[in-house]
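In the numbering used here, the protein residues as written are 65 to 235.
Idealized CB from N, CA, C, for every residue including glycine.
Just so we're clear, the structure is a prediction, and the values are computed from it rather than from any experiment.
Okay, structure first, notes after.
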């Protein structure tokens with residue numbers, strides 16, 4: 065486990081990352097975690113005393129990575145932009161959980177299941193994470209229904225989200 069201090073930062077204007085709160089990891093930290101890596105990878109550990117797992121480090125170029133600090137993480141550490149955070153991190157190689165509910169529903173929709181099985185595990189995880197992050201049973205059921213419909217139409221996660229967003233804006 066690697067321990068270091070970092071400052072919470074916030075992107076002003078950075079395309080899709082505009083408004084993100086994040087921590088920039090020193091090159092020596094990411095090199096210690098995963099030498100030579102240039103693509104995103106997951107870590108687990110603690111921000112101050114707040115436990116984290118399955119958090120992605122995102123490459124920004126030239127060996128630099130950032131960790132996006134979402135609202136629940138900010139609430140957990142009770143800090144905002146400019147604050148110093150004590151970090152303890154290690155590579156998270158734990159397998160990501162699957163959505164048993166999605167898999168059960170896919171069994172009833174062979175076309176959706178066939179397309180889903182053609183996706184890489186990383187792309188399947190987008191569906192799993194979206195479904196399992198639902199806060200209510202109704203939201204989870206709605207997300208499963210949208211996923212099944214999108215997969216049956218041969219859509220990946222991003223395409224499906226855009227499709228249903230456009231459907232809702234036209235209603």
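Checklist entry - If we call anything under 7 Å between Cβ atoms a contact, is residue 133 one with residue 166? => result no
Checklist entry - How should residue 163 be labelled, buried or exposed, when 16 other C-beta atoms within 10 angstroms of its C-beta is the threshold for buried? => result Classification for residue 163: buried.
Checklist entry - Between which two residues does the alpha helix (DSSP H) harbouring residue 141 extend? => result 135 to 141
Checklist entry - Taking the alpha carbon of residue 85 as the point to measure from, which residue in 69, 130, 120 has its own alpha carbon closest? => result 130
Next on the checklist: Using a 10 Å radius around the Cβ and a threshold of 16 neighbouring Cβ atoms, would you call residue 218 buried or exposed?
Outcome noted: exposed
Next on the checklist: Closest to residue 157 by C-alpha separation, out of 140, 107, 121, 188, would be which residue?
Outcome noted: 107
Checklist entry - So, is the C-beta of residue 123 closer than 7 Å to a C-beta in chain C? => result The structure shown contains no chain C; it is built from a single protein chain.
Checklist entry - Quick one, which of 153, 143, 105, 141 has its alpha-carbon nearest residue 68's? => result 153
Item to check | Alpha-carbon to alpha-carbon, residue 159 and residue 113 | outcome: 24 Å
Item to check | Segment contact flag, the stretch 183 to 190 with the stretch 218 to 229, C-beta cutoff 8 Å, min 3 pairs | outcome: yes
Next on the checklist: By the three-class DSSP mapping on this structure, what secondary structure does residue 180 have?
Outcome noted: helix
Next on the checklist: Quick check on the burial criterion: 16 or more other C-beta atoms within 10 angstroms. Buried or exposed for residue 210?
Outcome noted: buried
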